[in-house]
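Residue numbers (the working numbering), protein chains in the order written: chain B, 56 to 331; chain D, 56 to 331; chain H, 56 to 331.
We treat Cβ as the ideally placed atom computed from N, Cα and C, and that holds for glycine.
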Amino acid sequence: MSDEDERAFQFLRINQRQAKPRTRGLTEIRGPYYTPMGRRYLADVLETMGAYIDALKFAGGAFALMRRAALKELIDLAHTHTVAISTGGFIEHVLTHGPAAVDAYLNECRELGFDVVELSRGFITLPLEDWESLVRKVHDVGLKAKVEVGIQFGAGGASTPDALAAIGTADPSLMIHQAKRLIAAGADQIMIESEGITESVRTWRSDVPARVVDQLGLEKVMFEAAEPAVFGWYIRNYGPEVNLFIDHSQIVQLECLRSGIWGTNELWGRVQTYKP
Amino acid sequence: MSDEDERAFQFLRINQRQAKPRTRGLTEIRGPYYTPMGRRYLADVLETMGAYIDALKFAGGAFALMRRAALKELIDLAHTHTVAISTGGFIEHVLTHGPAAVDAYLNECRELGFDVVELSRGFITLPLEDWESLVRKVHDVGLKAKVEVGIQFGAGGASTPDALAAIGTADPSLMIHQAKRLIAAGADQIMIESEGITESVRTWRSDVPARVVDQLGLEKVMFEAAEPAVFGWYIRNYGPEVNLFIDHSQIVQLECLRSGIWGTNELWGRVQTYKP
Amino acid sequence: MSDEDERAFQFLRINQRQAKPRTRGLTEIRGPYYTPMGRRYLADVLETMGAYIDALKFAGGAFALMRRAALKELIDLAHTHTVAISTGGFIEHVLTHGPAAVDAYLNECRELGFDVVELSRGFITLPLEDWESLVRKVHDVGLKAKVEVGIQFGAGGASTPDALAAIGTADPSLMIHQAKRLIAAGADQIMIESEGITESVRTWRSDVPARVVDQLGLEKVMFEAAEPAVFGWYIRNYGPEVNLFIDHSQIVQLECLRSGIWGTNELWGRVQTYKP
Numbered sequence: 056m057s058d059e060d061e062r063a064f065q066f067l068r069i070n071q072r073q074a075k076p077r078t079r080g081l082t083e084i085r086g087p088y089y090t091p092m093g094r095r096y097l098a099d100v101l102e103t104m105g106a107y108i109d110a111l112k113f114a115g116g117a118f119a120l121m122r123r124a125a126l127k128e129l130i131d132l133a134h135t136h137t138v139a140i141s142t143g144g145f146i147e148h149v150l151t152h153g154p155a156a157v158d159a160y161l162n163e164c165r166e167l168g169f170d171v172v173e174l175s176r177g178f179i180t181l182p183l184e185d186w187e188s189l190v191r192k193v194h195d196v197g198l199k200a201k202v203e204v205g206i207q208f209g210a211g212g213a214s215t216p217d218a219l220a221a222i223g224t225a226d227p228s229l230m231i232h233q234a235k236r237l238i239a240a241g242a243d244q245i246m247i248e249s250e251g252i253t254e255s256v257r258t259w260r261s262d263v264p265a266r267v268v269d270q271l272g273l274e275k276v277m278f279e280a281a282e283p284a285v286f287g288w289y290i291r292n293y294g295p296e297v298n299l300f301i302d303h304s305q306i307v308q309l310e311c312l313r314s315g316i317w318g319t320n321e322l323w324g325r326v327q328t329y330k331p
Numbered sequence: 056m057s058d059e060d061e062r063a064f065q066f067l068r069i070n071q072r073q074a075k076p077r078t079r080g081l082t083e084i085r086g087p088y089y090t091p092m093g094r095r096y097l098a099d100v101l102e103t104m105g106a107y108i109d110a111l112k113f114a115g116g117a118f119a120l121m122r123r124a125a126l127k128e129l130i131d132l133a134h135t136h137t138v139a140i141s142t143g144g145f146i147e148h149v150l151t152h153g154p155a156a157v158d159a160y161l162n163e164c165r166e167l168g169f170d171v172v173e174l175s176r177g178f179i180t181l182p183l184e185d186w187e188s189l190v191r192k193v194h195d196v197g198l199k200a201k202v203e204v205g206i207q208f209g210a211g212g213a214s215t216p217d218a219l220a221a222i223g224t225a226d227p228s229l230m231i232h233q234a235k236r237l238i239a240a241g242a243d244q245i246m247i248e249s250e251g252i253t254e255s256v257r258t259w260r261s262d263v264p265a266r267v268v269d270q271l272g273l274e275k276v277m278f279e280a281a282e283p284a285v286f287g288w289y290i291r292n293y294g295p296e297v298n299l300f301i302d303h304s305q306i307v308q309l310e311c312l313r314s315g316i317w318g319t320n321e322l323w324g325r326v327q328t329y330k331p
Numbered sequence: 056m057s058d059e060d061e062r063a064f065q066f067l068r069i070n071q072r073q074a075k076p077r078t079r080g081l082t083e084i085r086g087p088y089y090t091p092m093g094r095r096y097l098a099d100v101l102e103t104m105g106a107y108i109d110a111l112k113f114a115g116g117a118f119a120l121m122r123r124a125a126l127k128e129l130i131d132l133a134h135t136h137t138v139a140i141s142t143g144g145f146i147e148h149v150l151t152h153g154p155a156a157v158d159a160y161l162n163e164c165r166e167l168g169f170d171v172v173e174l175s176r177g178f179i180t181l182p183l184e185d186w187e188s189l190v191r192k193v194h195d196v197g198l199k200a201k202v203e204v205g206i207q208f209g210a211g212g213a214s215t216p217d218a219l220a221a222i223g224t225a226d227p228s229l230m231i232h233q234a235k236r237l238i239a240a241g242a243d244q245i246m247i248e249s250e251g252i253t254e255s256v257r258t259w260r261s262d263v264p265a266r267v268v269d270q271l272g273l274e275k276v277m278f279e280a281a282e283p284a285v286f287g288w289y290i291r292n293y294g295p296e297v298n299l300f301i302d303h304s305q306i307v308q309l310e311c312l313r314s315g316i317w318g319t320n321e322l323w324g325r326v327q328t329y330k331p
């Protein structure tokens with residue numbers, strides 16, 4: 056690696072990070088949905104911060120609106136920076152088209168270069184056995200299966216606190232039960248949906264992450280934390296190597312915090328690791 | 056059209072859209088003002104979402120601060136994606152420089168490649184007859200005249216609810232009367248300013264769009280809806296083919312909603328069209 | 056200068072601006088922290104609005120996470136547009152590594168092409184004499200020393216109003232005393248930190264800028280104003296040639312206001328200069 060490929064200000068000790076592919080401290084960033092994302096912007100993000108990004112997750116099925124050429128440019132570019140591509144939870148929409156559409160979806164995902172298919176059920180209800188079948192199906196086509204679980208029905212699309220409160224949440228034990236069963240079925244990673252926990256709620260349910268970590272550990276779990284106050288809270292409680300899903304726009308702020316070089320007043324100078 | 060120019064995941068049925076130039080379901084996006092916009096970002100937006108964008112509207116006269124070369128790059132790029140360019144409401148500033156400035160303005164707009172001149176009066180008051188003269192003047196130089204009407208004086212620059220409430224709104228019947236007269240004078244399209252209706256207000260005036268649609272229909276009318284909750288509301292009430300003006304950053308989220316593939320909990324799976 | 060290098064719509068009189076390097080009406084924009092910033096986006100900003108940008112300030116030490124090659128591209132690009140590069144207040148972190156790190160930091164800043172080293176103490180406390188030594192040290196390596204002073208301890212990282220209110224603010228006279236001493240020690244410019252004045256507070260402390268201007272004048276002072284309502288307030292009170300630090304995303308909106316061509320209702324048509 057030439058000098059120019061190394062980070063600037065090498066003499067400053069910062070919290071050490073594993074080289075990619077990492078097993079701890081993974082950061083997944085959200086792709087186009089709340090903002091557009093084209094190949095120039097993605098190149099900007101990856102050239103400046105790519106070393107700290109493990110995966111790029113599409114949202115809302117935005118890729119299904121793009122020309123194949125434009126989509127493949129994004130996917131290929133991410134791959135040159137060793138960034139995995141996840142579908143996000145579009146399977147929920149595909150399921151409404153029936154089982155043949157699921158097959159076609161998974162095949163086209165593989166063909167386009169997706170690495171991870173997310174299996175969520177924020178907007179729909181689905182028997183747990185069928186969810187397990189989807190995990191196996193994703194593996195059958197040679198892709199990774201990331202499961203998203205949560206306590207809030209109707210999650211996944213920026214709904215208001217009132218709208219979601221009216222629906223009510225499920226007990227966290229259900230979500231944890233689902234996660235355990237899906238891990239047993241082979242799920243590669245578990246995403247914890249933030250709605251009902253730290254998003255679209257009046258008061259954070261801090262008991263929920265505590266139970267998740269107690270029951271599932273940190274290794275296979277990634278928390279959705281697409282607000283600076285939320286990712287600050289996860290790092291304060293679970294350390295700088297907790298796996299987090301954030302918005303693409305937040306990658307600099309998050310990595311300043313993980314690395315221990317900057318933060319809000321409560322965390323400035325306080326984010327430490329020990330790697331002797 | 057080659058495969059690569061087609062959208063990905065063709066096997067999924069989504070709400071059909073007319074090819075451009077469209078007559079229904081038009082989307083106009085806001086250009087540089089609340090954020091910068093250069094040719095690389097615009098290329099990103101157009102390469103990934105250009106099929107769903109009908110027009111690009113400048114705001115606040117930002118083009119008058121740019122070098123001609125940079126401005127023409129934006130305009131030419133938009134044209135290669137069949138996106139029309141609107142001036143936004145800068146005529147209000149130009150009018151304060153007198154009638155010769157209006158002539159010079161319209162001529163330079165045409166020379167630079169603008170397609171549409173917006174004629175608004177959010178910050179100024181102007182006799183209706185003079186407004187009609189402006190419509191004809193715009194047509195005389197060979198451009199389209201888009202009129203923006205509204206109920207809020209002082210609209211057009213992100214003022215606070217309190218500041219605008221202190222001024223008070225006009226009765227919607229005045230705005231509708233103006234729109235009818237300006238359509239009779241040849242106005243090509245009517246933009247409904249959101250301030251006083253869904254923006255900078257404490258409670259939305261949902262009666263106003265209802266009266267607009269009742270009196271003017273949907274075809275020539277475009278609603279300003281530069282907040283996701285607002286464009287969601289318009290689509291819920293008027294269907295996915297209502298003409299909307301949004302911020303450039305919102306194009307993916309809006310098109311996911313129009314196409315029926317994603318949305319908030321209340322609209323997820325509910326946005327339908329029937330084109331046998 | 057060819058026609059294409061001139062701004063469009065030359066026939067419109069706008070508030071005259073000095074050519075760069077300016078001594079009045081300076082605008083410094085924030086670089087990557089709350090968002091990423093790569094060379095393509097920066098090129099977009101500079102090609103369209105570069106004439107109105109005097110300096111680019113990094114934040115949170117984000118440069119220390121970038122590859123040297125990517126960082127130098129940003130710096131070199133800014134220089135081609137006559138935009139100075141400031142470190143932002145990363146010295147606070149460097150100081151925790153001891154005096155040798157400070158030397159290494161300043162040398163690498165010079166080597167990479169930084170023009171200005173900001174010397175702040177929002178998160179740390181530091182004897183005033185040591186602060187003066189830093190000003191001299193920065194000059195010794197041939198760079199400009201910009202001092203940031205403020206009334207809020209714990210400032211510099213988007214903390215909440217409650218968190219900062221619990222800490223309390225210092226009397227403005229202390230900040231002004233510091234600024235005077237540091238100017239006497241050779242500081243080239245004074246940045247007034249907005250936290251505790253117009254940011255992360257429930258009510259703005261409008262008395263503080265008044266005392267700053269009364270005691271220090273406007274020439275060497277720059278106000279942090281990274282919210283449109285804040286920079287609107289400074290322009291209303293101190294005119295369009297007050298020096299302001301804003302977010303990169305706000306440059307169009309600010310310059311529309313400085314130039315007198317657009318604004319909110321209270322300022323539309325009201326921002327004037329007189330240069331006979």
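Quick check: residue i and residue j, are their CB atoms within less than 9 Å of each other?
| i | j | result |
| --- | --- | --- |
| Ile-238(H) | Ile-245(H) | yes |
| Arg-266(H) | Ser-228(H) | yes |
| Val-193(B) | Val-172(B) | yes |
| Gly-116(B) | Cys-164(D) | no |
| His-303(H) | Met-92(H) | yes |
| Ile-108(D) | Ile-306(D) | yes |
| Ala-119(D) | Ala-63(H) | yes |
When the cut-off is 9 Å and only beta carbons count, does residue i lie next to chain D?
| i | result |
| --- | --- |
| Thr-215(B) | yes |
| Glu-310(H) | yes |
| Gln-71(H) | no |
| Asp-99(H) | yes |
| Glu-232(H) | Before going on, a small fix: residue 232(H) reads as His here, not Glu. No, His-232(H) does not count as interfacial toward chain D. |
| Leu-67(H) | yes |
| Trp-323(H) | yes |
| Leu-219(B) | yes |
If you drop the 5 nearest sequence neighbours on each side, which residues of the same chain put their C-beta closer than 7 Å to that of residue i?
| i | result |
| --- | --- |
| Gln-128(H) | Correcting the residue identity first, residue 128(H) is Glu in this sequence and not Gln. Same-chain partners within the cutoff: Arg-94. |
| Arg-191(H) | Ala-240, Gly-241 |
Quick check: is the beta carbon of residue i nearer than 9 Å to any beta carbon in chain H?
| i | result |
| --- | --- |
| Cys-164(B) | no |
| Ile-130(B) | no |
| Met-246(D) | no |
Residues in its own chain within less than 8 Å of residue i by CB, not counting five upstream and five downstream?
| i | result |
| --- | --- |
| Ala-133(B) | Leu-97, Leu-101, Leu-111, Ala-139, Ile-140 |
| Tyr-289(H) | Pro-264, Phe-278, Ala-280, Val-297, Leu-299 |
| Leu-147(H) | Per the sequence presented here, residue 147(H) reads as Glu, with Leu not at that position. Excluding sequence neighbours, Glu-147(H) sits near Ser-175, Arg-176, Gly-177, Phe-178, Ile-179, Gly-211. |
| Thr-90(B) | His-303, Ser-304 |
Determine, for residue i, whether the minimum Cβ-Cβ distance to residues of chain B falls below 9 Å.
| i | result |
| --- | --- |
| Val-307(D) | yes |
| Met-56(H) | Confidence at Met-56(H) is low in this model, with a pLDDT of 49, below 50, so its placement is unreliable and no value can be given for it. |
| Pro-91(H) | yes |
| Arg-95(D) | yes |
| Arg-79(D) | no |
Counting only Cβ pairs nearer than 8 Å, list the residues of chain H close to residue i.
| i | result |
| --- | --- |
| Phe-118(D) | Ala-63, Phe-64 |
Name the chain B residues that come within less than 7 Å of residue i, Cβ to Cβ?
| i | result |
| --- | --- |
| Pro-283(D) | Ala-213 |
Which residues in the same chain as residue i place their Cβ atom closer than 6 Å to its Cβ, once the five residues preceding and following it in sequence are excluded?
| i | result |
| --- | --- |
| Gly-143(B) | Lys-112, Phe-113, Ala-114, Glu-173 |
| Met-56(B) | The pLDDT assigned to Met-56(B) is 49, lower than 50, so where the model puts this residue is not dependable; a value taken from the coordinates is nonetheless given after this. Closer than 6 Å at the Cβ level, and outside the excluded window around Met-56(B), lies no residue. |
| Ser-249(B) | Glu-279 |
| His-136(B) | Leu-101, Gly-105 |
List, in order along the chain, the chain H residues whose C-beta lies closer than 9 Å to that of residue i?
| i | result |
| --- | --- |
| Tyr-88(D) | Val-307, Gln-308, Cys-311, Trp-317 |
The region 168-190 of chain D: which residues have C-beta closer than 9 Å to a C-beta of chain H, in chain order?
So the list reads Gly-177, Phe-178, Ile-179, given in the order they occur along the chain.
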